[in-house]
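Before any comments, here is the structure.
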Amino acid sequence: MPEVTARHGRQQVPEEDATKLQFGEFGDGEALTLTEVATLLTAARQAPGVPPAPDNKVYQATIEYVREFTTTTMDVSDSMRTALSARPGFLNKFEIAQIMMLRPERVEIAVALIPSLERYALGDENEEQLQTLLDDVRSMARYGSRP
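Offset between the sequence shown (1-based) and the numbering used here: plus 11.
Take a look at the structure:
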């Protein structure tokens, strides 16, 4: 919940900066891939007693976008998320979702696309661990759920 400042009685919105993993009011939210969004949208439409899908441009554009750009199955997505989450605290949930979607080939590319990963581009064992995870994710996407 945003803080109220004493001087002006206004709510202070937390700073947002994805490069520092600061997501403001969305920090407690979950970061999803398009595969996961597609699964949730499908499940929501198939639940008993659910009204028909909204007939508006935003909903239709969302469905179209998700269908066009979903590139893995939910099994592969689950395997990727499990592998990337195996070392608690190593990657933030935002970084996990971005790696799953972007599938960078090397740490240098990952850092260029996801600047918060710069902490792992130091030539140490953490960089090696990240590179292994990137390789595993790319293999899972290419060959199925096991690296």
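The C-beta atom is built at its ideal place from N, Cα and C for all residues, glycine as well.
If you're wondering where the values come from, they're calculated on a predicted model, not measured in any experiment.
Exposure of R78 is indicated by the presence of fewer than 16 other C-beta atoms within 10 angstroms of its C-beta. Distance from the Cα of G100 is smallest, within the candidate group M112, A152, L128, for L128. Non-local beta-carbon contacts of E138 in its own chain, meaning distances under 7 Å to residues more than five positions away in sequence, involve V118, Y131, A132 in chain order. Cβ atoms of M111 and S90 stay farther apart than 8 Å, at about 10 Å. With a 10 Å radius around the Cβ and a threshold of 16 neighbouring Cβ atoms, A64 comes out exposed.
Just measuring C-alpha positions, the residue of Q140, E136, V69, Q109 sitting nearest P126 is Q109. By a beta-carbon distance limit of 8 Å, R149 contacts R114. Their separation comes to about 5 Å. Looking at E26, L145, Y154, the one whose alpha-carbon comes closest to that of S96 is L145. For E47, the closest alpha carbon among the candidates F80, R153, E26 is that of F80. Of the candidates A58, K68, G155, E106, E106 places its Cα closest to the Cα of L141. Judged by their CB atoms, D147 and A94 are nearer to each other than the 8 Å cut-off.
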